[in-house]
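Numbering (the numbering used here), first residue to last: 71 to 230. This report refers to the structure that appears directly beneath it.
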Ligand code: SF4
Ligand code: SF4
Ligand code: SF4
């Protein structure tokens with residue numbers, strides 16, 4: 071007999087869990103999960119400690135722990151041919167500020183702007199409102215520095 075409650079639970083889990091963000095310069099998800107031996111060398115190599123063992127034992131990026139400096143140590147440490155040339159873009163990520171952002175709730179906060187080295191986050195001054203954050207996607211390099219500093223965990227980065 072099919073256990074519907076379990077099936078529904080698994081379905082809900084699949085919907086709720088966004089795809090993992092892999093290491094920078096990973097060529098694609100399929101070849102990564104086929105070729106990664108789960109040795110953990112990349113995890114040990116990352117001085118920022120932002121690589122964790124994720125679902126299924128495969129490494130993934132945890133921006134809640136800090137930012138990627140694009141030091142390439144994880145790529146160098148990996149013995150498998152899983153990566154694109156290092157002179158290409160490290161990854162294509164989508165970034166968005168959620169509704170729980172303090173500024174969107176009319177509380178002054180500009181912490182994320184201060185953490186953004188490429189100055190991709192700016193604040194728009196509007197009449198009758200506290201300044202509102204905006205991300206210029208073309209300037210965002212996906213470093214994730216803004217994620218951990220946000221007091222409301224309002225910045226979400228995901229694979230595009
Ligand atoms: S490039 Fe450097 S900081 Fe970024 S995940 Fe790899 S080892 Fe960590
Ligand atoms: S740090 Fe977070 S809460 Fe503060 S303005 Fe930026 S996104 Fe909003
Ligand atoms: S992820 Fe993008 S918006 Fe956030 S700090 Fe890095 S460059 Fe700036």
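Beta carbons: idealized from backbone N, C-alpha and C, even for Gly.
When the five nearest sequence neighbours on each side are left out, the beta carbons in the same chain lying within less than 7 angstroms of the beta carbon of residue 170 are those of 222, 224, in order along the chain. Put simply, the backbone Cα of residue 144 is about 20 angstroms away from that of residue 228. Of all C-beta pairs linking the stretch 127-147 to the stretch 97-113, three or more are shorter than 8 angstroms, placing the two stretches in contact. Of the candidates 167, 201, 108, 157, 157 places its Cα closest to the Cα of residue 141. Ligand 1 has no heavy atom closer than 7 angstroms to the beta-carbon of residue 215. Following the DSSP letters along the chain, one finds residue 222 in no beta strand (DSSP E), marked with neither H nor E.
The bridge partners DSSP lists for residue 202 are 194.
Of the residues 165, 137, 115, 98, the one whose Cα lies closest to the Cα of residue 151 is 98. Under the DSSP assignment, residue 130 falls outside any alpha helix (DSSP H), being part of the beta strand (DSSP E) whose first and last residues are 129-131.
Between residue 218 and residue 135, the CB-CB gap stays under 8 angstroms.
For residue 164, the enclosing beta strand (DSSP E) begins and ends at 163-167.
Residue nearest to residue 159 within the set 89, 93, 215 is 93 (criterion: CA-CA distance). Residue 102 sits in a helix when the DSSP states are folded into three classes. Counting every other CB atom within 10 Å of its CB across the protein chains shown gives residue 91 a total of 16 or more, marking it as buried. When distances are taken from the beta-carbon of residue 165 to the heavy atoms of ligand 3, the shortest one is below 7 angstroms.
Residue 121: member of the beta strand (DSSP E) spanning 121-123, first to last residue.
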